[in-house]
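Numbering (full-length UniProt numbering), first residue to last: 1 to 437.
All C-beta atoms in this analysis are idealised placements derived from N, C-alpha and C, irrespective of residue type, glycine included.
This report refers to the structure that appears directly beneath it.
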Amino acid sequence: MKEEQEIIIYPAVPQDRMTYLMGLFSAVQQIGVTLHFSKLLDTNLLKQALQLIAAQNPILNSRFVEAETPFWEKCTDRSFEVILSVQNCEDNERKTAIEDYLAQPIDWIGSMLEVRLFRSDHDSLCLKISHLCMDGAGVKEFIRLLAALYTRLYERESYHSIHQEMMEGGQGFRDQAPLFAAAGITDISSAFHQHAEAASLWSFPFSSLDNLNPVIAMRSMEPHQMEKLTNQTKAVGATINDGLLAAYFRSIAKQAIYMEPRTKRTAIGMTIDLRRYLPSFSTGALCNLSGMEMPEIELNECEPFETTLEKVKRAMDTIKGNKPGMSSAAGMEKMAEMPLSTARAVMAKQHEMACQQKMTLPLMTNFGVISEHDIQFGACYAVKGVMTSPIMYAPFFCMGASSYRNILTLCVGYHKPAVSEHEVNRLLDDMMMELTK
């Protein structure tokens, strides 16, 4: 008789629960990373580095179990090393092959991570990581850790000694509780504020709810264009993020559909990294720790980009002065007090209303700089890098942004035929025009 294996479980924190619920209704909840190298990586060292990370962060090799109090269950029936595969490809096929790979959903009942090397005489390393277990900042921490471990193994440090060091070190935390303490909030419920809907509800156009074929579209700015944008935003005391928001407001306004009666103000939902409140800016663990804010501006037709940028800067300055993202973090705590079926019913009702109204607020997630320094895997350096945001189900829509080595990349994950490829390309082209003119 086959011996039964011990079931190992881990708690699901409020952010895990919310990301799972969002994945049921709004998006394929995964974040992609692609790093292009000029040389070949060692697959054995890469496997070992992945195994070391999984040992310290077992949720990566776990499945999310939907129960009234949900939890993570370790995948004892699946070897972690099977997540790494190698696909030989010609250089002229690489871009399309990678985009197709990143657009395909990972299996929610298996590991939270898939890794593939696209190989010719050099490698492109692609990772798909479930948003259920970490956000964009968590993914960047993952990349830094993977590169560091690979390099240590490359330099012939013992796998066993590294493993022992990692397991004996601090495990960090995945919950939000220390966050509220660090932000000086003792009464979590007092941090939650219902957003006053002063802005018009607008939405990126879609033709149906036939979310059948996932697609990722991207555009990139060259370093000299990025330098010009940096100087332009700095001149008015704004940030690159402000510049991206200004371009997004202006570009989406050319295509958006509006709910009547319209008001003069419009809003965009944007993600906020809540690690800003922590003393070390890190939880010490791979996790979700993000909030949401909705900057509003009054966008006038024919106004110059500089005027829109100044409006966005003022809106963001106001948000930054009021503990950004903490209200949404408190809202997730409130949702986590409900049985999962109750929270799911709340989300289902909101989704039904959005579909009936054919309206959802456009979103933006700016992953920021993937790494301030060149990413090094042993003797191999990443010459290009990009992150991709979750692939949305219409009527939901999101613009993602990331940069590496002073190259900024915009991305949109969407589904055809619900959303038009032509409309997405038009939006991305308009964004590039706004940012580079």
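- For Tyr154, the uninterrupted alpha helix (DSSP H) run begins and ends at Gly136 to Tyr154, by DSSP.
- One alpha carbon belongs to Leu149, the other to Tyr10, and they sit about 25 Å apart.
- If you draw a 10 Å sphere on the C-beta of Lys254, you find fewer than 16 other C-beta atoms in it, and that means exposed.
- In the structure shown, Arg262 adopts coil according to DSSP, grouped into three states.
- Taking 8 Å as the cut-off, the Cβ atoms of Gln30 and Pro390 count as close.
- The continuous stretches of beta strand (DSSP E) do not include Asp121, and DSSP gives it neither H nor E.
- As computed with DSSP, Ile129 is found in a beta bridge with Ile31 and Leu113.
- In this chain, the beta strand (DSSP E) harbouring Ala401 covers Cys398 to Tyr404.
- In the three-state scheme derived from DSSP, where H, G and I count as helix and E and B as strand, Arg63 is classed as strand.
- Just measuring C-alpha positions, the residue of Glu227, Asn241 and Ala183 sitting nearest Pro279 is Ala183.
- Judged by beta-carbon spacing, Phe64 lies within the 8 Å limit of Ala12, meaning their Cβ atoms are closer than that value.
- The region 413–428 and the region 137–154 do not touch, with fewer than 3 CB-CB distances between them shorter than 8 Å.
- Taken atom to atom, the span from the alpha-carbon of Ile143 to that of Pro223 is near 22 Å.
- For Tyr101, the CB contacts under 7 Å within the same chain, skipping 5 residues up- and downstream, are Arg116 and Cys126 in chain order.
- Counting C-beta atoms within 10 angstroms of its own C-beta, Leu84 has 16 or more neighbours from the protein chains shown and is therefore classed as buried.
- At a Cβ-Cβ threshold of 8 Å, Met335 and Met18 count as neighbours.
- In this structure, Pro339 is the residue among Pro339, Thr360 and Thr230 with its C-alpha nearest to the C-alpha of Thr69.
- Under a 10 Å Cβ-count criterion, His131 is classified as buried, with 16 or more other Cβ atoms of the shown protein chains found around its own Cβ.
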